[in-house]
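Contents: one structure, followed by commentary.
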Amino acid sequence: TGCKIKPLLLLFLSYSLFFFFSLSLGWEEIGEVDEDYAPIHTYQVCRVLEPNQNNWLHTGWTQTQGAQRVFIELKFTLRDCSSLPGGSGTCKETFNMYYYEKREMAGEARYAKIDTIAADESFTELDLGDRIMKLNTEVRDLGPLTRKGFYLAFQDLGACIALVSVRVFYKRCPLLVRSLARFPDTIPGSEASQLVEVVGRCVNNSLALDEAPRMHCSAEGEWLVPIGKCVCQPGFEEVNGTCQECGPGFYRSLLQAGGCSKCPPHSWARESGARVCSCEPAYYKNPADPANMACTRPPSAPRNAISNVNETSVFLEWSVPVETGGRKDVRYNILCRRVLPEGRGLEECGASVRFLPRRVGVANTSVMVADLQSHTNYSFLLDAVNGVSLMANDHARQYVTLNVTTNQAAPSPVSLVRRGASGRSSITVSWAEPDRPNGIILEYETKYFEKEQESSYTIIKSQLTEMVVEGLKPSSAYIFQVRARTSAGYGAFSRRFEFQTSPSCDYYFCITTQQHQLYMESFAGCCHPYRRCGYSKAKQDPEEEKMHFHNGLIKYPGLRTYIDPLTYEDPNQAVHEFAQEIDVSSISIERIIGAGEFGEVCSGPLRLPGKREFQVAIKTLKAGYSEQQRRDFLWEASIMGQFDHPNIIHLEGVITKSKPVMIITEYMENGSLDSFLKKNDGQFTVIQLVGMLRGIASGMRYLSEMGYVHRDLAARNILVNSNLVCKVSDFGLSRVLEDDPEAEYTTRGGKIPIRWTAPEAIAYRKFTSASDVWSYGIVMWEVMSYGERPYWEMSNQDVIKAVDESYRLPGPMDCPEALYLLMMDCWQRERSTRPKFDEIVGVLDKLIRNPSSLKKLVNSSHRSGGHTHNNHQSGYTGEGGWVNWE
Numbered sequence: 012t013g014c015k016i017k018p019l020l021l022l023f024l025s026y027s028l029f030f031f032f033s034l035s036l037g038w039e040e041i042g043e044v045d046e047d048y049a050p051i052h053t054y055q056v057c058r059v060l061e062p063n064q065n066n067w068l069h070t071g072w073t074q075t076q077g078a079q080r081v082f083i084e085l086k087f088t089l090r091d092c093s094s095l096p097g098g099s100g101t102c103k104e105t106f107n108m109y110y111y112e113k114r115e116m117a118g119e120a121r122y123a124k125i126d127t128i129a130a131d132e133s134f135t136e137l138d139l140g141d142r143i144m145k146l147n148t149e150v151r152d153l154g155p156l157t158r159k160g161f162y163l164a165f166q167d168l169g170a171c172i173a174l175v176s177v178r179v180f181y182k183r184c185p186l187l188v189r190s191l192a193r194f195p196d197t198i199p200g201s202e203a204s205q206l207v208e209v210v211g212r213c214v215n216n217s218l219a220l221d222e223a224p225r226m227h228c229s230a231e232g233e234w235l236v237p238i239g240k241c242v243c244q245p246g247f248e249e250v251n252g253t254c255q256e257c258g259p260g261f262y263r264s265l266l267q268a269g270g271c272s273k274c275p276p277h278s279w280a281r282e283s284g285a286r287v288c289s290c291e292p293a294y295y296k297n298p299a300d301p302a303n304m305a306c307t308r309p310p311s312a313p314r315n316a317i318s319n320v321n322e323t324s325v326f327l328e329w330s331v332p333v334e335t336g337g338r339k340d341v342r343y344n345i346l347c348r349r350v351l352p353e354g355r356g357l358e359e360c361g362a363s364v365r366f367l368p369r370r371v372g373v374a375n376t377s378v379m380v381a382d383l384q385s386h387t388n389y390s391f392l393l394d395a396v397n398g399v400s401l402m403a404n405d406h407a408r409q410y411v412t413l414n415v416t417t418n419q420a421a422p423s424p425v426s427l428v429r430r431g432a433s434g435r436s437s438i439t440v441s442w443a444e445p446d447r448p449n450g451i452i453l454e455y456e457t458k459y460f461e462k463e464q465e466s467s468y469t470i471i472k473s474q475l476t477e478m479v480v481e482g483l484k485p486s487s488a489y490i491f492q493v494r495a496r497t498s499a500g501y502g503a504f505s506r507r508f509e510f511q512t513s514p515s516c517d518y519y520f521c522i523t524t525q526q527h528q529l530y531m532e533s534f535a536g537c538c539h540p541y542r543r544c545g546y547s548k549a550k551q552d553p554e555e556e557k558m559h560f561h562n563g564l565i566k567y568p569g570l571r572t573y574i575d576p577l578t579y580e581d582p583n584q585a586v587h588e589f590a591q592e593i594d595v596s597s598i599s600i601e602r603i604i605g606a607g608e609f610g611e612v613c614s615g616p617l618r619l620p621g622k623r624e625f626q627v628a629i630k631t632l633k634a635g636y637s638e639q640q641r642r643d644f645l646w647e648a649s650i651m652g653q654f655d656h657p658n659i660i661h662l663e664g665v666i667t668k669s670k671p672v673m674i675i676t677e678y679m680e681n682g683s684l685d686s687f688l689k690k691n692d693g694q695f696t697v698i699q700l701v702g703m704l705r706g707i708a709s710g711m712r713y714l715s716e717m718g719y720v721h722r723d724l725a726a727r728n729i730l731v732n733s734n735l736v737c738k739v740s741d742f743g744l745s746r747v748l749e750d751d752p753e754a755e756y757t758t759r760g761g762k763i764p765i766r767w768t769a770p771e772a773i774a775y776r777k778f779t780s781a782s783d784v785w786s787y788g789i790v791m792w793e794v795m796s797y798g799e800r801p802y803w804e805m806s807n808q809d810v811i812k813a814v815d816e817s818y819r820l821p822g823p824m825d826c827p828e829a830l831y832l833l834m835m836d837c838w839q840r841e842r843s844t845r846p847k848f849d850e851i852v853g854v855l856d857k858l859i860r861n862p863s864s865l866k867k868l869v870n871s872s873h874r875s876g877g878h879t880h881n882n883h884q885s886g887y888t889g890e891g892g893w894v895n896w897e
């Protein structure tokens, strides 16, 4: 059983019994021989013929040695009473055993009874003649003991008995080494069911893992219920229950690790018992690197570094180093220094210089540096670093130097516009020259408009820094902005300044026609109270030039014209003029496929009289809607109902005469284009992708001819059917929704999806077909990159600044050069130079008819030589290139 028995008293009744048995009353010590004629000594008593027997045999005092429970083994013989002469009636076949715990001897009355002992076998006179000894063995346990020792006593009440031996012992759990933990000899508890918990001690060069090792000693002297364990400390491994040192060239760093491991590449352990391996010369390890990672080196310098200057901005681009040092965490730092005149050295660029996306820790291989000084020499140091660059000496780091000279730049914004004298119909404004003219100021542009009427504004050009604007409304607030122009172009407009005319009014009336507004001025120039005025007149100097704008749209006779549903006083009249009312019994909602702004989007079959059943998409108006929400919901149906084109989502009809109100459109199995591309990344041929783009362009050409401006053209608003036909949708966002996550507040009128919107639409809210063309270029980029997010992690504000400074998205990986050049044309700064949708469709048709024109990729041309590639006036410089459109 694994237990260990330690005797307390071992008595074979011989000459030494007197030492142990200190008192004998009625018992006699007898010397005999056993069946083998070996001499034995016994205590006997056999007074069966005498009545009232009470014979006692006492042991000496026995120490417990800390045991709380002991065991007593008795060996004895007993004669059968029926075999005695005369058959005595007082004969017994049992005797009693007692104990007493105190040090001094006590009388029999103080003893406590342990048990009455009976023989399993008794002998007769015949057995004596044959010298057959029938020896009985009985074991009793005694406890709990509370003293250091005890006495035993045996009482005979009339039996014929011989006590051959008495053995007293206790059990203990022996010393044990288990799981590198040493558990000492342990004495069990006093109760038979009690387990004694013992905390083990870890052997040499080992440590407890998680918690101290423990085992439990049972009353039977067995180790039970092991908990926890020890493991060899780092630098050692377990071998045959002991911890031995790792040999040279091997290490062990973690407690949870198995055996010793061979040192990783470029490292060595020269001594035994290594916890980590030391790196070879010129190799290093980052403290955060795992122990089993190879030692690495700093990277070599970036390759193929080029610069592209645009006024006071520089686009830097480079290739990954030839040697990355064996690591994947390569990043790039850019040090910008201005070359001082007259050879006075270099000084670091100030905090006003901006780096997009950042200056230190750049993950990609390009960066734009903006807000430099014009006509200034700069020196840029490009440095590739990784996780061990800081451990290396500075001389081990390699740099690439690029020297550039900035061009003449557009002036900085005018910082302050002041108001001078103001009358009831005029305001005098003046301003100071920009802080950084960056050249000779050729002229100024003053833009003004009546507050809350931003779509109708006036621009006046002048060479002076003061201007009197007349023909304004009395008691009206106007917004003024000024910008300067040099030979490098216009700077940005100043922030908005609000000035107000003086109160007073005479007569001023406006006459409107269907095509334009005529303005008549009488006396001082106030508006007729019942007509909204359009553009004001301003007093001009001979060298001033004045231009008027309204919504940026020109209507041509003979073309289909889109009618804005908001021109209808009753929205129900508009929706029923352009959309068919469907009976609610014709539609069945089977499942929910999404959620819209106004409610759930579902799908199900539509059964129209005389037509075969087919699947449709169903937009529902959620319960508890307001009247304004109902108008907005049906507004999109009033728009879609005017369109009929294979690349425009088709409106089947509306349900307005029952609840919920529904808009029924054709069902597009593959959902939105951006999600569809992400799910099928790299699964289509270039011709298939161009076919998708051609369908989108065809739908936008149709809308443009209708005089409709989408304002939110993006891959998320293109739907794809099972035949990969793409259709333009989401016409409710012509007044961009307030909860659009891609939008940012600009001016009155809601939000703008910055990443897809043309610069003039962001700055002046001028949405035209030309701004839709810009958005189409972004959609092209989304399609060719399989749904990647435009401008990646850049913030909306950084996107606005970067685009304004002529940064353009780089060509997607494996994108045909012809498609990227078309994207760049869509991103022309001047909207008048962007292609029309009709031209875009023509270009795509030619590419589809001539697939070989799609084989040349923008990436391959850059990687093969890294040279500047100017074609179609795009200024394209290769993968990640930056284009100067000025």
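According to this note's numbering, the sequence shown holds residues 12 to 897 in order. By construction, the Cβ of each residue, glycine as well, lies at the ideal position given by its N, Cα and C atoms.
{"Asked": "Exposed or buried, which one is Gly536 when buried takes at least 16 other CB atoms within 10 Å?", "Found": "Unreliable placement is indicated for Gly536, whose pLDDT of 33 sits below 50; the coordinate value is still reported in the next sentence. Result: buried."}
{"Asked": "Tell me where the alpha helix (DSSP H) around Ser363 begins and ends.", "Found": "Premise fails: Ser363 is in no alpha helix (DSSP H) and is neither H nor E."}
{"Asked": "Provide the residue span of the beta strand (DSSP E) that contains Cys241, from first to last.", "Found": "234-243"}
{"Asked": "Is Ala299 helix, strand or coil by DSSP?", "Found": "coil"}
{"Asked": "Under a three-way DSSP split, which group does Ala395 fall into?", "Found": "strand"}
{"Asked": "Can you find the residues in the same chain that come closer than 6 Å, C-beta to C-beta, to Gly610, ignoring five residues on each side of it along the sequence?", "Found": "Thr631, Leu632, Lys633"}
{"Asked": "Among Trp838, Leu868, Pro827, Arg842, whose alpha-carbon lies nearest the alpha-carbon of Leu899?", "Found": "Residue 899 is absent from the model: the chain starts at 12 and stops at 897."}
{"Asked": "What are the boundary residues of the beta strand (DSSP E) that includes Pro770?", "Found": "Pro770 -> not in any beta strand (DSSP E); alpha helix (DSSP H) instead, spanning 770-775."}
{"Asked": "Buried or exposed, going by whether 16 or more other CB atoms sit within 10 Å of the CB of Glu248?", "Found": "buried"}
{"Asked": "If you drop the 5 nearest sequence neighbours on each side, which residues of the same chain put their C-beta closer than 8 Å to that of Gly615?", "Found": "Ile598, Ser599, Ile600, Glu601, Arg602, Gln626, Val627, Ile629"}
{"Asked": "Would you list the residues sitting across from Asp167 in a DSSP beta bridge?", "Found": "Asn66"}
{"Asked": "Which residue's Cα is closest to the Cα of Ala164: Trp279, Gly37, Arg641, Lys240?", "Found": "Gly37"}
{"Asked": "According to the neighbour-count rule (16 or more other Cβ atoms, all chains shown, within 10 Å of its Cβ), is Glu556 buried or exposed?", "Found": "Caution is warranted here: a pLDDT of 44 is assigned to Glu556, below 50, making its placement in the model unreliable, and the coordinate value is therefore given only provisionally. Glu556 should be labelled exposed."}
{"Asked": "In whole angstroms, what separates the C-alpha of Glu481 from that of Ile438?", "Found": "7 Å"}
{"Asked": "Given the structure, does Gln384 come close to the ligand HEM, in the sense that its CB is under 7 Å from one of the ligand's heavy atoms?", "Found": "As presented, the structure is devoid of all ligands, the ligand HEM included, so that no description of it is given."}
{"Asked": "Going by the CB atoms, is the gap between Ala192 and Cys241 shorter than 8 Å?", "Found": "yes"}
{"Asked": "Here's a check: name, in chain order, each residue in its chain whose Cβ is nearer than 8 Å to the Cβ of Met304, leaving out the five neighbours to either side.", "Found": "Pro275, Lys296"}
{"Asked": "Return the CA-CA distance between Val440 and Leu475, expressed in angstroms with no decimal places.", "Found": "11 Å"}
{"Asked": "State whether the segment 715-723 contacts the segment 792-809, with contact taken as three or more CB pairs (one from each stretch) at a distance under 8 Å.", "Found": "no"}
{"Asked": "Taking three-plus beta-carbon pairs below 8 Å as touching, is the segment 455-464 in contact with the segment 481-497?", "Found": "yes"}
{"Asked": "On a CA-only basis, which of Leu346, Thr469, Asp849 is nearest Val784? Give me that one, please.", "Found": "Asp849"}
{"Asked": "Is the segment 70-84 touching the segment 193-203 in the sense that three or more CB pairs, one from each, lie closer than 8 Å?", "Found": "yes"}
{"Asked": "Pull the bridge partners of Val612 from the DSSP assignment, please.", "Found": "Gly605, Lys630"}
{"Asked": "Put Met834 into one of helix, strand or coil per three-state DSSP.", "Found": "helix"}
{"Asked": "With a 10 Å radius around its C-beta and 16 neighbouring C-beta atoms as the bar for buried, classify Pro62 as buried or exposed.", "Found": "exposed"}
{"Asked": "Taking the beta strand (DSSP E) that Arg840 belongs to, which residues open and close that run?", "Found": "Arg840 -> no beta strand (DSSP E), and no H or E assigned at all."}
{"Asked": "Whose C-beta lies closer than 7 Å to the C-beta of Arg212 among residues of the same chain, with five residues either side of it excluded?", "Found": "Ala192, Arg193"}
{"Asked": "Does the segment 790-798 come into contact with the segment 697-705, if we say contact requires no fewer than three beta-carbon pairs (one atom in each stretch) closer than 8 Å?", "Found": "yes"}
{"Asked": "Between the Cα of Asp47 and those of Arg58, Glu40, Met144, Cys102, spot the shortest distance and give me the residue it belongs to.", "Found": "Met144"}
{"Asked": "For a quick check, are the C-beta atoms of Ser133 and Arg189 less than 8 Å apart?", "Found": "no"}
{"Asked": "Looking only at C-alpha atoms, which of Ile198, Glu222, Ala362, His227 sits nearest to Val209?", "Found": "His227"}
{"Asked": "Buried or exposed for Arg263, going by 16 or more other Cβ atoms inside 10 Å?", "Found": "buried"}
{"Asked": "Just mark Gly336 as buried or exposed, buried being the case when its beta carbon has 16 or more other beta carbons within 10 Å.", "Found": "buried"}
{"Asked": "Which residue comes first and which comes last in the beta strand (DSSP E) that contains Trp151?", "Found": "Per the sequence shown, the amino acid found at residue 151 is Arg instead of Trp. Taken as a continuous stretch (DSSP letters only), the beta strand (DSSP E) holding Arg151 covers 147-153."}
{"Asked": "First and last residue of the alpha helix (DSSP H) that includes Tyr713?", "Found": "697-716"}
{"Asked": "Quick one: what does DSSP say Tyr787 is sitting in, helix, strand or coil?", "Found": "helix"}
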